[in-house]
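**Q** Just passing along the structure, written as structure tokens.
Below is the structure:
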């Protein structure tokens, strides 16, 4: 049995995720365990690092449809597409949505590309996902991340958000 150790540095979480073992002769953990069965380390490693969930969103009150804007959360590092203060994000940004296995019943606000949504819907991870590709840069190379596509919320009133709705996120 061959075991490959994947070391993945996630600046989003400000911690080094080492010792995440992927058994290369068996199926990887995301194919054998439900989101609820995953360890915290496995759960956190699923984040694709795209930054899309950190964009301001608008919801149509009638249809429930969610629209993404190009306005980034003030804590989003738009170069690395990660939170600048992940451990304290909910204290600094009270309306920050915390993802957990227990809160995935209504995930329509997550982009269709999101690993958590893909796994929940039985679609598996995308080829550009770092756990598949082995590189944290493929999310940027594939054009999935928000790198270079966002603006700061500073100076933009909520009444102007409609003018910043984007069509490059499904």
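Numbering (my numbering), first residue to last: 27 to 196. Built from N, CA and C at the ideal position, the CB exists for glycine as well. Remember, predicted model here, so these are calculated numbers, not experimental data.
1. Counting along the chain, where does the alpha helix (DSSP H) carrying residue 200 start and finish?
2. Count Cβ pairs between the region 59 to 74 and the region 85 to 103 that sit closer than 8 Å; are there 3 or more?
3. Within the same chain, show all residues whose beta-carbon is closer than 6 Å to that of residue 143, passing over the 5 residues directly before and after it, in chain order.
4. Express the C-alpha separation of residue 63 and residue 140 in angstroms, rounding to a whole number.
5. Answer yes or no: the CB of residue 156 versus the heavy atoms of the ligand FAD, is any distance below 6 Å?
6. Looking at C-alpha atoms only, which residue of 102, 169, 81 is the closest neighbour of residue 92?
7. For residue 172 and residue 193, what's the separation of their Cα atoms in angstroms?
8. What number of angstroms, rounded off, separates the C-alpha of residue 161 from the C-alpha of residue 151?
9. If you drop the 5 nearest sequence neighbours on each side, which residues of the same chain put their C-beta closer than 7 Å to that of residue 138?
10. Verify whether the separation of the beta carbon atoms of residue 110 and residue 101 is less than 7 Å.
**A** Looking at the coordinates:
1. In this structure the chain extends from 27 to 196, so residue 200 is not present and cannot be described.
2. Because the criterion of three Cβ pairs below 8 Å is not met, the region 59 to 74 and the region 85 to 103 do not touch.
3. 133, 136
4. 19 Å
5. As presented, the structure is devoid of all ligands, the ligand FAD included, so that no description of it is given.
6. 81
7. 13 Å
8. When rounded, the distance between both Cα atoms is 14 Å.
9. 196
10. yes
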